[in-house]
Amino acid sequence: MKNRNRGHDPALSMLVYEFEHVIYHEDVAARSSESVETKDSAVKSAVRKTELALAGKSPKNAPQGALEEWTAALTGNLVATARSLVETGGASRGGVSEALSKLRGSIDTRREMDSGNPRGYLDFLTEFMAEAHKHSNCGGHH
1 MKNRNRGHDP ALSMLVYEFE HVIYHEDVAA RSSESVETKD SAVKSAVRKT ELALAGKSPK
61 NAPQGALEEW TAALTGNLVA TARSLVETGG ASRGGVSEAL SKLRGSIDTR REMDSGNPRG
121 YLDFLTEFMA EAHKHSNCGG HH
């Protein structure tokens, strides 16, 4: 399937990157505060809840515990990012939806590749962002 090729659609890749950037920063903040142990399942849940929120569905229950609170905060930031992208013309609703779907697929792929590691996707994302920042600081693509 062509949607597995991350580099195929540059606009879609940039949208996915926008969401990954939010996830990365929320994960870094949580790890530095040591308030919660973040894991891939929480990220996947946040992405799914973001999709539901953008479709007008509210969460049924209040978050219970540190991980659910972190997931709710991540969801809020992903929703805000999605809405901002649509409002500013940076993306269409369909583009946001496609990017979130692709992001869920990426999380699933990383979890399968690194089964047994509850942070396989988050660890990959940390490495990916370090590489992206390294390249953007040395005259990479704009």
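Going left to right, the sequence shown walks through residues 1 to 142 as this note's numbering numbers them.
Each residue gets a CB set at the ideal place from its N, CA and C atoms; glycine is no exception.
Predicted model only: the values in this text are computed from it and were never measured.
Identify which residue in the options has its Cα closest to the Cα of residue i.
i              : options                         : result
valine 79      : Ser45, Ala66, Ser13 and Ala132  : Ser45
methionine 113 : Glu87, Met129, Asp40 and Trp70  : Asp40
valine 22      : Thr88, Ala62, Thr50 and His135  : Thr50
serine 97      : Ile107, Ala30, Ala29 and Leu52  : Leu52
leucine 12     : Ala73, Gly95 and Asn77          : Gly95
glycine 105    : Ser115, Tyr121, Gly76 and Thr88 : Tyr121
Whose C-beta lies closer than 7 Å to the C-beta of residue i among residues of the same chain, with five residues either side of it excluded?
i           : result
alanine 91  : Leu15 and Leu85
arginine 93 : Val86
alanine 66  : Ser35 and Val36
alanine 30  : Val36, Thr38 and Trp70
Exposed or buried, what is residue i when buried is set at 16 or more other beta-carbons lying within 10 Å of its beta-carbon?
i            : result
alanine 99   : buried
glutamate 26 : buried
threonine 38 : buried
lysine 134   : exposed
arginine 119 : buried
serine 33    : exposed
lysine 102   : buried
alanine 55   : exposed
glutamate 20 : buried
alanine 82   : buried
alanine 62   : exposed
arginine 48  : exposed
lysine 2     : Confidence in lysine 2 is poor, its pLDDT being 39 and thus under 50, which makes the residue's placement unreliable; the coordinate value appears in the next sentence. Classification of lysine 2: exposed, given that the 10 Å Cβ count is below 16.
threonine 88 : exposed
Can you tell me where the alpha helix (DSSP H) with residue i in it begins and where it stops?
i            : result
lysine 134   : 120–136
glycine 65   : 65–87
histidine 25 : 10–33
serine 97    : 93–113
serine 41    : 40–54
Can you list, in chain order, the residues of its chain with a C-beta nearer than 6 Å to that of residue i? Leave out the 5 residues immediately preceding and following it.
i           : result
tyrosine 24 : Leu125 and Met129
What do you reckon, is the C-beta of residue i under 7 Å from a heavy atom of the ligand NAD?
i           : result
glycine 105 : Here there are no bound small molecules, and the ligand NAD is not part of this structure.
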